[in-house]
Ligand SMILES: Nc1ncnc2c1ncn2[C@@H]1O[C@H](COP(=O)(O)OP(=O)(O)OP(=O)(O)O)[C@@H](O)[C@H]1O
Ligand SMILES: [Mg+2]
């Protein structure tokens with residue numbers, strides 16, 4: 001809740017105390033909005049949560065733990081069915097949990113019903129009322145909280161301004177584009193000044209350009225309002241671009257949670273390394289601190305496996321291509337299969353030439369993907385050409 005908003009609610013409550021307003025226009029709910037706003041920005045702590053849906057053999061959440069700092073945006077990322085929506089729904093109180101504790105702003109809300117948790121959720125489907133205008137949709141939650149018309153209209157217009165839709169306020173939502181409808185849904189969620197904002201794939205029904213635009217807006221608004229937010233998506237790029245931290249989920253729990261860059265550069269498990277971005281799986285020998293990959297010593301991430309036959313997980317940009325044909329102890333000969341020009345960079349797919357790699361790969365030629373900047377591509381790079389793949393000394397995970 002902004003300072004102005006807080007003052008307005010406080011003024012409304014004062015009015016009530018002065019007897020100027022009718023009891024029906026400003027209720028206890030409005031007071032609760034004010035009190036809750038003081039808690040807003042409070043962090044989330046989900047501890048040891050188990051969730052089993054009736055009739056299911058496996059747990060949808062299995063000792064799930066999540067800490068979100070006040071005002072932080074955490075993105076949950078993971079394959080279909082890994083429990084992302086269940087985590088959000090359990091946090092909001094829409095699902096009962098079988099074990100664990102949920103704290104918000106230092107308060108135990110585990111047994112508090114959903115409508116008392118002061119959280120707002122935005123789903124993939126806009127779930128707006130089609131027979132209402134944009135502003136009426138945004139006002140709705142404030143109306144059921146008992147705010148006066150004047151007050152709820154003022155807050156609704158402020159939120160529509162925040163999402164850039166003031167000029168569309170009186171339009172029926174069914175006459176709006178998908179992107180506009182999702183903005184209305186976002187304004188409606190923010191109107192109640194939730195302590196926590198939960199977004200479950202809010203952008204997945206939108207086309208690529210609107211998606212990018214709206215995710216930037218969501219992030220701007222989230223930072224501006226300081227609302228503690230959990231955002232669920234399938235889209236890696238979306239997660240990497242907006243999150244303070246990303247939690248990668250697998251089988252009902254978070255496997256790693258870290259800042260986007262850390263998660264990408266220092267994945268702690270094979271699942272995380274292969275889930276985010278492209279990863280080459282290259283045979284290597286490791287002493288736990290360093291690995292020998294194609295004759296090059298590569299530093300290893302903590303927790304890496306050791307042994308003479310491990311797999312180093314190496315990003316495409318941590319490999320370089322040499323087209324000079326020079327013989328060297330460092331690097332491995334390969335043949336270029338395809339070259340993809342991607343604007344700012346080039347992605348090259350190649351297969352290793354030495355039969356030893358094919359045998360080690362179960363009889364299939366070992367494919368390697370290399371990425372270089374489009375201005376830094378070596379001369380003579382061509383499909384079918386022979387090249388040498390050379391690892392860079394960038395930290396990698398060995399498994
Ligand atoms: N209402 C339900 N009843 C029974 N099982 C459910 C129910 N909702 C979800 N599940 C199961 O719980 C597990 C987690 O589902 P959830 O919807 O949380 O996954 P998700 O990560 O959000 O997936 P998606 O990316 O496809 O949305 C899945 O195995 C799913 O089949
Ligand atoms: Mg889901």
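Residue numbers (UniProt numbering): 1 to 399.
Positions of the beta carbon are idealized from the N, C-alpha and C atoms, including for glycine.
Do residue j and residue i count as a contact pair if the criterion is CB distance below 8 Å?
i, j, result
"residue 171", "residue 133", "yes"
"residue 233", "residue 75", "yes"
"residue 168", "residue 126", "no"
"residue 283", "residue 311", "yes"
"residue 350", "residue 387", "yes"
"residue 135", "residue 156", "yes"
"residue 218", "residue 242", "yes"
"residue 104", "residue 42", "yes"
"residue 299", "residue 371", "no"
"residue 272", "residue 256", "yes"
"residue 249", "residue 142", "no"
"residue 61", "residue 83", "yes"
"residue 93", "residue 70", "no"
Classify residue i as helix, strand or coil using the three-state DSSP reduction.
i, result
"residue 248", "strand"
"residue 378", "coil"
"residue 38", "Only weak support is given to the placement of residue 38: the predicted model assigns it a pLDDT of 46, under 50, and the value that follows is read from those uncertain coordinates. Note: residue 38 maps to helix in three-state DSSP."
"residue 315", "coil"
"residue 172", "strand"
"residue 401", "The displayed coordinates of the chain run from 1 to 399. Any statement about residue 401 would go beyond what the structure contains."
"residue 68", "strand"
"residue 23", "Residue confidence is low: residue 23 scores 45 on pLDDT, short of 50, so the model does not pin down where it sits. No coordinate-derived value is stated."
"residue 197", "strand"
"residue 326", "coil"
"residue 383", "coil"
"residue 223", "helix"
"residue 255", "strand"
"residue 44", "strand"
Relative to the C-alpha of residue i, which residue among the options is closest?
i, options, result
"residue 279", "285, 286 and 270", "270"
"residue 381", "115, 338 and 196", "338"
"residue 162", "139, 143, 149 and 190", "190"
"residue 352", "313, 360 and 346", "360"
"residue 107", "196, 326 and 390", "196"
"residue 358", "332, 99 and 345", "332"
"residue 222", "47, 72 and 58", "72"
"residue 90", "391, 138, 164 and 200", "200"
Give me the DSSP bridge partner(s) of residue i.
i, result
"residue 310", "284"
"residue 291", "286 and 298"
"residue 402", "Residue 402 is absent from the model: the chain starts at 1 and stops at 399."
"residue 333", "388"
"residue 396", "300"
"residue 435", "Residue 435 lies beyond the stretch modelled for the chain, which goes from 1 to 399, so this question has no answer here."
"residue 338", "349"
"residue 233", "77"
"residue 107", "104"
"residue 367", "351"
Which two residues bound the contiguous alpha helix (DSSP H) that contains residue i?
i, result
"residue 261", "260-265"
"residue 157", "149-162"
"residue 138", "134-144"
"residue 120", "Note, residue 120: premise wrong, no alpha helix (DSSP H); beta strand (DSSP E) at 119-122."
"residue 86", "84-92"
Span of the beta strand (DSSP E) holding residue i?
i, result
"residue 321", "319-322"
"residue 99", "99-104"
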